[in-house]
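*Asks:* Just so you know, the protein sequences line up as chains X and A, in that order. Using the working numbering, you'd call the opening residue of the first sequence number 4 and step up by one each time. Using the working numbering, you'd call the opening residue of the second sequence number 4 and step up by one each time. Even for Gly, the Cβ is constructed at its ideal location relative to N, Cα and C. Just so we're clear, the structure is a prediction, and the values are computed from it rather than from any experiment.
Number of protein chains: 2
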Amino acid sequence: MPKTEVFNKEIVLNQASHVFHTKGYNAASMQDLVDATGLNRSSIYNSFGNKHNLFLECLKVYQNKYQRSISNLLLKANCPLKAIESIFELYLEEIVKDNDNKGCLITNCKSEMANQDSTINNFLINNQESTLALFEDLVNQGQENSSINRNRTPKDYALYLFTAIQGFRMTGILIDNKQQLQSLINTTLQNLK
Amino acid sequence: MPKTEVFNKEIVLNQASHVFHTKGYNAASMQDLVDATGLNRSSIYNSFGNKHNLFLECLKVYQNKYQRSISNLLLKANCPLKAIESIFELYLEEIVKDNDNKGCLITNCKSEMANQDSTINNFLINNQESTLALFEDLVNQGQENSSINRNRTPKDYALYLFTAIQGFRMTGILIDNKQQLQSLINTTLQNLK
DNA sequence: TTAATTTTGGAACGTTCATTTCAAATAAAT
DNA sequence: ATTTATTTGAAATGAACGTTCCAAAATTAA
Chain X
4 MPKTEVFNKE IVLNQASHVF HTKGYNAASM QDLVDATGLN RSSIYNSFGN
54 KHNLFLECLK VYQNKYQRSI SNLLLKANCP LKAIESIFEL YLEEIVKDND
104 NKGCLITNCK SEMANQDSTI NNFLINNQES TLALFEDLVN QGQENSSINR
154 NRTPKDYALY LFTAIQGFRM TGILIDNKQQ LQSLINTTLQ NLK
Chain A
4 MPKTEVFNKE IVLNQASHVF HTKGYNAASM QDLVDATGLN RSSIYNSFGN
54 KHNLFLECLK VYQNKYQRSI SNLLLKANCP LKAIESIFEL YLEEIVKDND
104 NKGCLITNCK SEMANQDSTI NNFLINNQES TLALFEDLVN QGQENSSINR
154 NRTPKDYALY LFTAIQGFRM TGILIDNKQQ LQSLINTTLQ NLK
């Protein structure tokens, strides 16, 4: 009996994400989101509750997109170190592709909103934990097959890589030269070899 | 003849910086700044023009503070590698000291505002260039006195260190455990040895 | 003390903000 | 075709935004 939702939620979230990614959470206005999605204000509020919740859903979509990409990389990779390398290269491609140099939505969110809102903070901590766990696992495997040295524990290297990724995303905001960034990755990863 | 300015501009800028640092540029309201400084709205506009310009002055004060600290470190340091180490340790102390875990004002600004406003962008690029130049110089000296390896050029290592610092500041927003962060610094710098 | 100049206080400016409201349009199921 | 539930459009809400304004207070030099 009801009129069903006509718009594609995923498309709308991608459009909204683009606004948040470009402007940041606070500078993105509801009008910007209405314009970008083509939806009516009411429809946005009907479907997503409020701006804050819409942003949270955008974060999740963004996170899932990368988790899927990384899962695919891991399937293809024949060696843990190569897997780590290809994760960095994934971000490298992202930086080079993005003409606006927006950086990482999640890193930007962390910088703008961490330790202010508990919902956001939970998301960020969750994201951090799972990234650290992924790296720890990969480093562990790498040390077992001797592609990664044993100078540091997997936990230590995981934090090192997590930090390097964040730094990489920050650097990519003002430097998008592929050669320079590729060299930066090499420098970062030579530490593990 | 004129009534002279009664307030201390430096104190006011530090108070304003604290607001911007805690909330970010966009989430910091003029009312927040009025409350934090104890100044009247008019006085703020008289002395600093507008919010944007006040923020820019805060950025400069923040930058100068670190430049002074680093200059002092360089004078004391007896070895380029140790100097680099003490720069990282300066930020470590900053992170541990800061109970709000606000991160770096400049890094946060980059994440929030880069590639949107040309004045801000110029500041950020300038800050980047001078940081890169400092590191390049130190690495160069380190390679000459053999405390730093020659696996990479000074320019490469400078970008590596600049990126590491940004990542370090980002990581410090959600992790403020001194041991963990100290270990992270060691991991980061072992790459140069 | 008077004159000159600036800082203040506080209200007011017009705009934009996120959010709400509600009647009209819509579309599926009966 | 009618019922039922939802989405839509567009206006309205009230609060908050950055900024301006101006008379009153304050301070120093003459």
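Taking 7 Å as the CB-CB cut-off, is D159 of chain X touching chain A?
*Replies:* yes
*Asks:* For a test of the three-state rule: what should DSSP assign to L84 of chain A, helix, strand or coil?
*Replies:* helix
*Asks:* Any beta carbon of chain X sitting closer than 7 Å to that of R153 of chain A?
*Replies:* no
*Asks:* Helix or strand or just coil, what does DSSP make of N49 of chain A?
*Replies:* helix
*Asks:* Looking at the secondary structure, which residues open and close the alpha helix (DSSP H) in which I178 of chain A lies?
*Replies:* Counting along the chain, I178 of chain A falls outside any alpha helix (DSSP H), and DSSP gives it neither H nor E.
*Asks:* Would you check if the distance between the CB atom of L127 of chain A and the CB atom of K105 of chain A is smaller than 7 Å?
*Replies:* no
*Asks:* Run down chain A in chain order and give the residues with a C-beta less than 9 Å from the C-beta of L187 of chain X.
*Replies:* D159, L162, Y163 and T166
*Asks:* Say whether chain X places a C-beta atom closer than 7 Å to the C-beta of A86 of chain A.
*Replies:* no
*Asks:* Are the Cβ atoms of F23 of chain A and F51 of chain A separated by less than 7 Å?
*Replies:* Contact: no.
*Asks:* Under 9 Å Cβ-Cβ, which residues of chain A neighbour Q131 of chain X?
*Replies:* Against Q131 of chain X, the close residues of chain A are T174, L177 and I178, in the order they occur along the chain (beta-carbon pairs closer than 9 Å).
*Asks:* Leaving out five residues on either side along the sequence, give the residues of the same chain with a beta carbon under 8 Å from the beta carbon of L192 of chain A.
*Replies:* L84, I87, E88 and F91
*Asks:* At a Cβ threshold of 7 Å, is S114 of chain X touching chain A?
*Replies:* yes
*Asks:* In the region 100 to 144 of chain A, which residue ranges form an unbroken alpha helix (DSSP H) of at least 4 residues, counting only runs that do not cross its ends?
*Replies:* Inside the region 100 to 144 of chain A, DSSP marks whole alpha helix (DSSP H) runs of 4 or more residues at positions 108 to 116, from first to last along the chain.
*Asks:* For A30 of chain X, which of A:Q18, A:D120 and A:M173 has the nearest alpha-carbon?
*Replies:* Of the candidates A:Q18, A:D120 and A:M173, the one whose C-alpha sits nearest the C-alpha of A30 of chain X is A:D120.
*Asks:* Classify A136 of chain A: buried if its beta carbon has 16 or more other beta carbons within 10 angstroms, exposed otherwise.
*Replies:* Classification for A136 of chain A: exposed.
*Asks:* Run through the region 11 to 47 of chain A for me and flag every whole beta strand (DSSP E) of 3 or more residues, listed as ranges in chain order.
*Replies:* none
*Asks:* Return the first residue and the last residue of the alpha helix (DSSP H) that N75 of chain X is part of.
*Replies:* K54 to K79
*Asks:* Buried or exposed for I14 of chain A, please, with buried defined as at least 16 other CB atoms from any protein chain shown within 10 angstroms of its CB.
*Replies:* exposed
*Asks:* Residues in the same chain with beta-carbon distance under 6 Å from N77 of chain A, minus the five sequence neighbours each way, listed in chain order, please.
*Replies:* Looking at the sequence provided, one finds Leu at residue 77 of chain A rather than Asn. Contacts found: A86.
*Asks:* Buried or exposed: where does M33 of chain A fall if 16 or more other Cβ atoms within 10 Å of its Cβ makes it buried?
*Replies:* exposed
*Asks:* Where does L195 of chain X fall in DSSP's three states?
*Replies:* coil
*Asks:* Does any CB atom of chain A fall closer than 7 Å to the CB of Q146 of chain X?
*Replies:* No Cβ of chain A is located within less than 7 Å of the beta carbon of Q146 of chain X.
*Asks:* With 7 Å set as the bound, which would you pick, yes or no: does the beta-carbon of N75 of chain X sit closer than that to a beta-carbon of chain A?
*Replies:* no
*Asks:* One question on the structure: do G175 of chain X and I98 of chain X come within less than 7 Å of each other, judged by their Cβ atoms?
*Replies:* yes
*Asks:* Can you tell me whether DSSP reads T166 of chain A as helix, strand or coil?
*Replies:* In this structure, T166 of chain A counts as helix in the three-state DSSP scheme.
*Asks:* Thinking Q131 of chain A and L177 of chain X are a contact (beta carbons under 8 Å), I'd like their distance in whole angstroms, please.
*Replies:* 6 Å
*Asks:* Thinking T110 of chain A and Q70 of chain A are a contact (beta carbons under 8 Å), I'd like their distance in whole angstroms, please.
*Replies:* About 16 Å separates the CB atoms of T110 of chain A and Q70 of chain A; that is not less than 8 Å, and the two are not in contact.
*Asks:* Tell me whether S150 of chain A sits in a helix, a strand or coil according to DSSP, three-state version.
*Replies:* coil
*Asks:* Could you name the residues of the same chain whose beta carbon sits closer than 8 Å to that of F165 of chain X, not counting the 5 residues immediately before and after it, in chain order?
*Replies:* Q131, T134, L135 and F138
*Asks:* Only counting the same chain, and skipping five residues up and downstream in sequence, which positions put a Cβ closer than 8 Å to that of V142 of chain A?
*Replies:* P83, I87, I151, P157, Y160, A161, L164 and L195
*Asks:* Consider the Cβ of Q34 of chain X: report whether some Cβ of chain A lies at a distance smaller than 7 Å.
*Replies:* no
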